[in-house]
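A.B. asks: So that we are looking at the same thing, I have put the structure below in structure tokens.
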Amino acid sequence: MFSQYDPKKVEWRRVTDPSCTAFHVEFDYSLLGYDLPSQRLDMMLRYVNQGHCRRHRHRASTMTLVLEGEQHLDEFQPGGTTKRIVRKAGDYAIAPVDALPHDEWGGENGGTVIYSLHAPDGIIFEYFNEDMTETWTTSIEEFVASWEKGSVYGWQPEAAGRRNVRAGPRPVTGGARNSPGPVRPG
775 MFSQYDPKKV
785 EWRRVTDPSC
795 TAFHVEFDYS
805 LLGYDLPSQR
815 LDMMLRYVNQ
825 GHCRRHRHRA
835 STMTLVLEGE
845 QHLDEFQPGG
855 TTKRIVRKAG
865 DYAIAPVDAL
875 PHDEWGGENG
885 GTVIYSLHAP
895 DGIIFEYFNE
905 DMTETWTTSI
915 EEFVASWEKG
925 SVYGWQPEAA
935 GRRNVRAGPR
945 PVTGGARNSP
955 GPVRPG
């Protein structure tokens, strides 16, 4: 049975990265649920006024559904070109394991997307520094552990202490919910 989406009932956490000079990193995210044995994780991202997430690629097979607003992507093609993708509310996409690196942001009025990820090897994202000369990964286990600690997932390990990031739960009206799924790390 379908339950109506209500953003006021979601526990959102804000991510910003003032050290990024290529674009404005600012988004909220929420862990909806996960199943570690099957390597599945569901999450939501919310972009405010063209806020970007950090440059990355999805190592997991990813289902995307745009709930509100728009999702914009600049996908870096193997030949050095860039492919622009714009998805609007109601648009659905599915990407295989090892998607192309991309920049991702919300439309002029923001955007909210839900992701359902399946990572056979446990790695969900690979991140890139601004000039794309360094990479690092985040696993499902690391994502879940960071959520439970109230920290932000996916920071470059050696740079984590230098980042000026605001992390942690944001105030929510109308009740908060955090349903981390059927399997808890033990």
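Residue numbers (the numbering used here): 775 to 960. Backbone N, C-alpha and C define an ideal beta-carbon position, used for all residues, glycine too. Please read these numbers as outputs of a predicted model, since none were measured by experiment.
1. Excluding the five sequence neighbours on either side, which residues of its own chain have a C-beta within less than 7 Å of the C-beta of residue 815, listed in chain order?
2. Tell me, to the nearest whole angstrom, how far the beta carbon of residue 876 is from that of residue 847; I am working on the premise that it is less than 8 Å.
3. Which first and last residues belong to the alpha helix (DSSP H) in which residue 918 is found?
4. Skipping 5 residues on each side, what residues in its chain have a beta carbon closer than 6 Å to that of residue 904?
5. Between which two residues does the beta strand (DSSP E) containing residue 826 stretch?
6. Which residue's Cα is closest to the Cα of residue 832: 850, 861, 883?
7. Just to confirm before moving on: does the CB-CB distance between residue 884 and residue 822 stay below 7 Å?
8. My understanding is that residue 873 touches residue 836, with C-beta atoms under 8 Å, so please give their C-beta distance in whole angstroms.
9. What number of angstroms, rounded off, separates the C-alpha of residue 868 from the C-alpha of residue 888?
10. Since residue 883 is in the beta strand (DSSP E), which residue starts that stretch and which ends it?
11. Would you list the residues sitting across from residue 855 in a DSSP beta bridge?
12. Restricting to Cα atoms, I'd like to know which of 829, 820, 827, 870 is closest to residue 780.
13. From what residue to what residue does the beta strand (DSSP E) around residue 787 run?
C.D. replies: Per the coordinate set shown:
1. Within the sequence shown, the letter at position 41 stands for residue 815. Taken in chain order, the residues that qualify are 808, 891, 898, 914, 917.
2. As a first step, residue 876 must be located in the sequence shown, where it is residue number 102. As a first step, residue 847 must be located in the sequence shown, where it is residue number 73. Right, the Cβ-Cβ distance comes to about 5 Å (below 8 Å), so this counts as a contact.
3. Working through the sequence shown from its first residue, we reach residue 918 at position 144. Segment 914-923, the alpha helix (DSSP H) holding residue 918.
4. Within the sequence shown, numbered from 1, the residue matching residue 904 stands at position 130. Correct list, in chain order: 796.
5. Mapped onto the sequence shown, residue 826 falls at position 52. Residue 826 -> no beta strand (DSSP E), and no H or E assigned at all.
6. As a working note, residue 832 is residue 58 in the sequence shown. Minimum Cα distance to residue 832 is reached at 850.
7. Position 110 of the sequence shown, counted from the start, is the residue given in the question as residue 884. Position 48 of the sequence shown, counted from the start, is the residue given in the question as residue 822. Taking 7 Å as the Cβ cut-off, residue 884 and residue 822 qualify as a contacting pair.
8. One-based indexing of the sequence shown puts residue 873 at position 99. One-based indexing of the sequence shown puts residue 836 at position 62. 7 Å between Cβ atoms; contact.
9. Here residue 868 is taken as the residue at index 94 of the sequence shown, counted from 1. Here residue 888 is taken as the residue at index 114 of the sequence shown, counted from 1. Whole-angstrom Cα-Cα distance: 12 Å.
10. As a working note, residue 883 is residue 109 in the sequence shown. It spans 876-892 - the beta strand (DSSP E) in which residue 883 sits, taken as one unbroken run.
11. Counted from its first residue, the sequence shown places residue 855 at position 81. For residue 855, which the question treats as bridged, DSSP gives no partner whatsoever.
12. The sequence position of residue 780 within the sequence shown is 6, counting from 1. Minimum Cα distance to residue 780 is reached at 820.
13. Numbered from its first residue, the sequence shown carries residue 787 at position 13. It spans 787-790 - the beta strand (DSSP E) in which residue 787 sits, taken as one unbroken run.
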